[in-house]
Amino acid sequence: MKNSILTILAVAAMVACKKNETTTSDQSSDSTTMSAPADTSMNTGDSATTVASDANTATNTLSAQDKKFADEAAMGGMMEVMLGQLASTNASNATVKSLGAMMVKDHGKANDELKKWASASGYTLPTTMNAEQQKHYDELKAKKGAEFDRMYADLMVKDHKEDIAKFKKEASEGSDASLKSFASTTLPTLEHHLMEAEKANNAVK
Numbered sequence: 011m012k013n014s015i016l017t018i019l020a021v022a023a024m025v026a027c028k029k030n031e032t033t034t035s036d037q038s039s040d041s042t043t044m045s046a047p048a049d050t051s052m053n054t055g056d057s058a059t060t061v062a063s064d065a066n067t068a069t070n071t072l073s074a075q076d077k078k079f080a081d082e083a084a085m086g087g088m089m090e091v092m093l094g095q096l097a098s099t100n101a102s103n104a105t106v107k108s109l110g111a112m113m114v115k116d117h118g119k120a121n122d123e124l125k126k127w128a129s130a131s132g133y134t135l136p137t138t139m140n141a142e143q144q145k146h147y148d149e150l151k152a153k154k155g156a157e158f159d160r161m162y163a164d165l166m167v168k169d170h171k172e173d174i175a176k177f178k179k180e181a182s183e184g185s186d187a188s189l190k191s192f193a194s195t196t197l198p199t200l201e202h203h204l205m206e207a208e209k210a211n212n213a214v215k
C-alpha cells in the first residue's frame with residue numbers, strides 16, 4: 011500500500027513538470043511572435059536614413075561659392091522687398107516711392123525664381139535677413155519725410171553696387187549651371203535698379 015502511494019505521487023510530479031515545460035514553451039513562442047513588429051520599425055528607420063542621406067548628397071554637390079551666393083541672394087532679396095514696401099508707403103518723394111514699388115516687383119520675382127532653383131536642388135535657403143540687414147530695416151522704418159527718402163535712396167545705391175559684384179562673381183565663378191544662369195540673367199535688372207537708385211538719390215540731395 012505504501013509503495014502504491016509513492017508510485018502515484020511520482021507520476022503526479024512528472025505530470026506537473028510536463029505541464030510547466032509546455033507553459034514555458036508557449037510563453038517563449040508568444041514572446042518570439044511579439045518581437046516581429048520591432049524588426050519592421052527598424053526597417054522604417056533605415057528607409058528614413060536613406061532619404062535624408064540622398065538629400066544631403068544633393069546639397070553637397072554645390073560648391074562653397076554657390077552656397078554663399080544663394081544665401082546672400084536670398085537674404086538680400088528679402089531685404090530689398092521689405093525696404094521697397096516701406097518706401098512705397100512712407101516715401102514723400104514720388105521718385106523714391108516709384109523706386110520702392112520697382113524693388114518690390116522685380117526682387118519679388120527674382121526671389122521666387124531663386125526658391126524654385128533651391129527646391130529643385132534640394133537646398134535650404136535662409137528665411138530671415140541677417141543682423142545687419144535687419145538693422146537697416148529698423149533704422150529706415152523709424153525715419154520720416156525727406157530723411158526717409160535720403161536714407162532709402164542711399165541704401166539702394168550701396169546695396170545694388172554690392173549685389174552687382176556678387177552676381178557677376180557667381181556668373182563667372184559658380185559651379186551650378188542653373189544658379190549661374192540665374193545670376194547672369196538677373197544682372198541687367200540689378201544694373202537698371204542701380205541707375206534708377208542713383209537718379210532717386212540725386213533727386214533728394
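In our numbering, each number is its position in the sequence shown, counted from 1, plus 10. The beta-carbon is built from N, C-alpha and C at its ideal position, and this holds for glycine as well. Being a predicted model, the structure only gives us computed values, none of them experimental.
If we count the other Cβ atoms within 10 Å of its Cβ and call it buried at 16 or more, is residue i buried or exposed?
i, result
"G155", "exposed"
"A163", "buried"
"D122", "exposed"
"V61", "The pLDDT assigned to V61 is 36, lower than 50, so where the model puts this residue is not dependable; a value taken from the coordinates is nonetheless given after this. By the 10 Å Cβ count, V61 comes out exposed."
"A180", "Per the sequence shown, the amino acid found at residue 180 is Glu instead of Ala. Per the 10 Å Cβ criterion, buried."
"S63", "Confidence is the limiting factor: at S63 the pLDDT is only 42, short of 50, which leaves the residue's position unreliable, though a coordinate-based value still follows. The residue is exposed, with fewer than 16 neighbouring Cβ atoms inside 10 Å."
"A83", "buried"
"A101", "buried"
"D148", "exposed"
"S41", "Low local confidence applies: a pLDDT of 44 at S41 is under 50, so the model's placement there is unreliable, and no value is given."
"T43", "Here T43 scores only 43 on pLDDT, less than 50, and its place in the model should not be relied on; the value that follows carries that caveat. That one is exposed."
"H117", "buried"
"K171", "exposed"
"H202", "exposed"
Report, in whole angstroms, the separation of the C-beta atoms of residue i and residue j, which I expect to be a contact under 8 angstroms.
i, j, result
"D81", "L135", "7 angstroms"
Are the Cβ atoms of residue i and residue j separated by less than 8 angstroms?
i, j, result
"F206", "M112", "It is Glu, not Phe, that sits at residue 206 in the sequence shown. Against a cut-off of 8 angstroms, the Cβ pair of M112 and E206 comes out as a contact."
"E72", "S108", "Inspection of the sequence shows that residue 72 is occupied by Leu rather than by Glu. For L72 and S108, no; Cβs fall outside 8 angstroms."
"V106", "A210", "yes"
"L93", "L204", "no"
"S98", "G110", "yes"
"V214", "D173", "no"
"M85", "M139", "yes"
"Q95", "V114", "yes"
"E208", "V167", "yes"
"A104", "T196", "no"
Relative to the C-alpha of residue i, which candidate in the options has its C-alpha closest?
i, options, result
"S129", "S188, G118, E180, K115", "S188"
"W127", "H202, L204, A193, L197", "A193"
"A175", "M161, P198, R160", "P198"
"K178", "S102, L165, L200, E149", "L200"
"Q75", "N212, E183, L204, K145", "E183"
"F79", "D186, K171, D148", "D186"
"D169", "N212, H146, K77", "H146"
"K77", "K190, H202, N212", "K190"
Closer than 8 angstroms, CB to CB, is residue i near chain B or not?
i, result
"Q143", "Of the chains in the structure shown, none is chain B; there is only one protein chain."
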